[in-house]
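Residue numbers (this note's numbering), protein chains in the order written: chain A, 12 to 562; chain B, 24 to 230.
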């Protein structure tokens, strides 16, 4: 093992904060380009053998997600409200806190954004009261990097299957995963309605790939770490490859809380706590924040100095603003025969017929629909919306219908609104004494309308598929998210964005931000694929700048 | 986080830790899970006792009432219910350990539940009443945060890993037809077994 261990205070070329979907890619790309890279991860390093089929632990006891007990957050709907500390369950900005980050516990839906996602403002016009804007890059510019994600990280899918797919330069490296009964029923129902369902692209190996075995269909993907290393988490893909260069160290259990700058306004390194809560300083030539769309913003806002009193890289005042969670909605159906949805990956068929916004609907929005279920028994049993029975013999009968159930779910847009944000709570501090995240969030009415629209389509699909009984709930406003997008948006204008099209902050030449925070618009609800494409592209540019001494 | 809007019980005015409605209405993402298990301690993974019979939090009287309530939520019968799954022992242990933060509120809610029941049915504790009387009472009390919390804990007690003290011998999983296995092979269900394969669409983009 050539794994590198840097000495205390040994300067490195790049410090990367965060080892998740983006940080893992950036670390591999920069170390393979010949730079020394030190990756900080606040959480532990776990391996496949450490992950368990344990619903209580992973969904109710913060098994691998951030825990409000040590890392509290507060929430409010509107900027005028006083935020309240969130005392239970999933935090307003939830993420996996371990090496591999949220790529460890994601469901692994890997949709590319479509061309429209990047220039939708130009096509549709302004949406008053929002920060709806074009991206500074096009789909064409990102396409080679989407292909790179599919081949380097490992995505299973069927190219050209969806008539709505954007152009691609290469097919998928692996065939789609075996279809499940939910996929078959969604496909049958949707085809009857004239829609175009197709095999879901998933970042899960359907065959042996680059030293990893194929999926064993255990069913514990969403919210869990993969015990078979088949899910293409950076923990299993990018990170070992970065370490194999001998130039990269992953320093887990190390919590970065401040980015330091000097009198010239350059980043000089980061301050972090080790597991014993002892503070250290790590010098670096350049700093990359890939801490996720909540923690990257928090770190910048907490990195104040005389030169940057309102936080680092925040001359625009937009750090933390334009938070987008995506919306979701669905309907559940019970069928005559067993589906056994608790087996295998969560999604095998999706459709993009409603991807584009359509003025005829009367509101802005777009999204996709997939076939899935929450495969774990307790969460499925807890559902209580609509006219679902909640106790007694009827409830028991519903429990027994578990093998015959599936859901059709919509995943859709969130408009960028300046009031929706990650900011610093004025009083709340974490267990290390660092000021905490305050989330302010209220869905735009169009976001809710789009979610409802897709729920209605889901209902129709289940009906057309022959469901004996269908349930759906009221559309609910987001008070928490796992898609943490938009809080350091990309743009060409330093007054209206935080990073440029190369992910370099407008204000600090050797500080780069790359994760969900870079998003300008929300995509359609499956952001990780795009986060990783951006990371491959950003790393290319970082390496180019560094080689020319331009950082 | 918000309490029930359908109060029959003053306990719902308390700042209970659990939402009473809309619990994971659909199936999409963890983000839609509302508040639960506040400030829970990490699971202390104690070995499951085969008997599960030692109470750590409840008194015997409390346990009898809670078990009766669990048993109304998932009744016994031809297939095992909450009682056979040892849900009450799961709840007892969870409130003594990783859900300890909610324990004082839970006990308060239980006390109010018991006194309301006694006011309506003098002379018997809930657990000692007939199933018919229990059911009739619950119809007036099944929207309170206490009930919702018990429902949530009963579900967790039936379907969490048996190592937490409930789901005795996998009886909850058996009831739901869930198999905890580390590998499966297709076909997974009836409909995919019948599937004929994906038929491509015509090349032109639909209107």
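The beta-carbon is built from N, C-alpha and C at its ideal position, and this holds for glycine as well.
What's the call for residue 91 of chain B, buried or exposed, on a 16-neighbour Cβ count within 10 Å?
buried
Rounded to a whole number of angstroms, what is the C-alpha to C-alpha distance between residue 163 of chain A and residue 254 of chain A?
Cα to Cα, residue 163 of chain A sits roughly 15 angstroms from residue 254 of chain A.
Using 8 angstroms as the threshold, is the C-beta distance between residue 419 of chain A and residue 536 of chain A below it?
With respect to residue 536 of chain A, residue 419 of chain A sits apart: the two C-beta atoms are not nearer than 8 angstroms.
Contacts of residue 200 of chain B in chain A (Cβ-Cβ under 8 angstroms)
349, 351, 411, 413 and 414
Going along the stretch 385-412 of chain A in order, which residues come within less than 7 angstroms of chain B, judged by CB to CB distance?
385, 388, 389, 390, 392, 393, 394, 395, 396, 401, 402, 403, 404, 406, 407, 410 and 411
Can you tell me whether residue 51 of chain B is buried or exposed, with buried defined as 16 or more other CB within 10 angstroms of its CB?
Note that residue 51 of chain B scores a pLDDT of 28, beneath 50, so its modelled location is shaky; the value from the coordinates is reported in the next line. Buried, since its Cβ has 16 or more Cβ neighbours within 10 Å.
Beta-carbon contacts of residue 594 of chain A that lie in its chain and below 6 angstroms, excluding the five residues immediately before and after
The requested residue 594 of chain A does not occur in the structure, where chain A is confined to residues 12 to 562.
Nearest by alpha-carbon distance to residue 31 of chain A: which of A/293, A/325, A/59 and A/302 is it?
A/302
Going along the chain, which residues of its own chain have a beta-carbon closer than 7 angstroms to the beta-carbon of residue 217 of chain A, five neighbours each way excluded?
Cβ-Cβ distances below 7 angstroms link residue 217 of chain A to 167, 185, 186, 187, 188, 225 and 226 in the same chain, with the five nearest sequence neighbours on each side left out; the list follows chain order.
Name the chain B residues that come within less than 9 angstroms of residue 55 of chain A, Cβ to Cβ?
Those do not exist, as residue 55 of chain A stays about 13 angstroms from chain B at its closest Cβ, beyond 9 angstroms.
Just the C-alpha distance for residue 63 of chain B and residue 132 of chain B, rounded to the nearest angstrom, thanks.
Since pLDDT at residue 63 of chain B reaches only 28, below the 50 mark, its modelled position is unreliable, and the value read off the structure follows with that caveat. The straight-line gap from Cα to Cα measures roughly 19 angstroms.
Proximity below 8 angstroms, CB of residue 228 of chain A to CB of residue 206 of chain B:
yes
Using a 10 Å radius around the Cβ and a threshold of 16 neighbouring Cβ atoms, would you call residue 223 of chain B buried or exposed?
exposed
Whose CA, out of A/437, A/28, A/452 and A/454, lies closest to the CA of residue 446 of chain A?
A/437
Please compile the residues from chain B whose C-beta is within a distance smaller than 9 angstroms of the C-beta of residue 66 of chain A.
179, 182, 183 and 184
Spell out the partners DSSP gives residue 259 of chain A in its beta bridges.
According to DSSP, residue 259 of chain A bridges with A/48.
Does DSSP put residue 282 of chain A in a helix, a strand or coil?
Strand at residue 282 of chain A.
Taking residue 308 of chain A and residue 85 of chain A to be in contact with their CB atoms under 8 angstroms, please state how far apart those CB atoms are, rounded to whole angstroms.
Actually they do not touch by this definition, with Cβ atoms about 15 angstroms apart.
Only counting the same chain, and skipping five residues up and downstream in sequence, which positions put a Cβ closer than 8 angstroms to that of residue 295 of chain A?
Here the set comprises 22, 23, 24, 25, 26, 49, 278, 279, 280 and 281.
Which residues in chain B have a C-beta closer than 7 angstroms to the C-beta of residue 571 of chain A? List them in chain order.
No statement about residue 571 of chain A is possible, as the shown extent of chain A runs from 12 to 562 and does not include it.
Hey, does residue 235 of chain A have any beta-carbon neighbour from chain B nearer than 8 angstroms?
no
Per DSSP, which one or two residues make a beta bridge with residue 417 of chain A?
A/344
Could you name the residues of chain B that residue 172 of chain A contacts, counting a contact when the two beta carbons are closer than 9 angstroms?
For a Cβ distance threshold of 9 angstroms, residue set 221, 223 and 224 of chain B lies close to residue 172 of chain A, ordered along the chain.
Bridge partners for residue 162 of chain A per DSSP, in chain order?
DSSP output for residue 162 of chain A lists no bridge partner at all.
Going by alpha carbons, who is nearest to residue 518 of chain A out of A/60, A/320 and A/111?
A/320
Quick one: which chain B residues come within Cβ less than 8 angstroms of residue 228 of chain A?
For a Cβ distance threshold of 8 angstroms, residue set 206, 207, 208, 209 and 211 of chain B lies close to residue 228 of chain A, ordered along the chain.
Quick one: what's residue 183 of chain A bridged to in DSSP?
Residue 183 of chain A is not bridged to any residue.
For the putative contact between residue 359 of chain A and residue 211 of chain A, defined by C-beta atoms under 8 angstroms, what is the C-beta separation to the nearest angstrom?
Contact check for residue 359 of chain A and residue 211 of chain A: beta-carbon distance about 5 angstroms, within the 8 angstroms limit, so the pair qualifies.
For residue 161 of chain A, which residues of its own chain have a beta-carbon under 7 angstroms away from its beta-carbon, when the five flanking residues on both sides are left out?
183 and 184
Leaving out five residues on either side along the sequence, give the residues of the same chain with a beta carbon under 6 angstroms from the beta carbon of residue 199 of chain A.
Once the five neighbours on either side are set aside, the close Cβ partners of residue 199 of chain A are 476.
Which class does residue 69 of chain B belong to by DSSP, given the choice of helix, strand or coil?
The predicted position of residue 69 of chain B is uncertain, since its pLDDT is 38 and thus under 50; a value taken from the coordinates is nonetheless stated next. Three-state DSSP puts residue 69 of chain B in coil, outside helix and strand.
Alpha carbons only, please: which of A/80, A/120 and A/71 is nearest the one belonging to residue 543 of chain A?
A/120
Out of A/495, A/110 and A/257, point me to the one whose CA is closest to residue 333 of chain A's CA.
Per the C-alpha coordinates, the member of A/495, A/110 and A/257 positioned closest to residue 333 of chain A is A/495.
Within 8 angstroms of chain A by C-beta, residues of the stretch 92-115 of chain B in sequence order
95, 96, 97, 98, 100, 102 and 104
Quick check: is the beta carbon of residue 130 of chain B nearer than 8 angstroms to any beta carbon in chain A?
no
Among A/474, A/345 and A/432, which has the Cα closest to the Cα of residue 203 of chain A?
Nearest Cα to residue 203 of chain A within the set A/474, A/345 and A/432: A/474.
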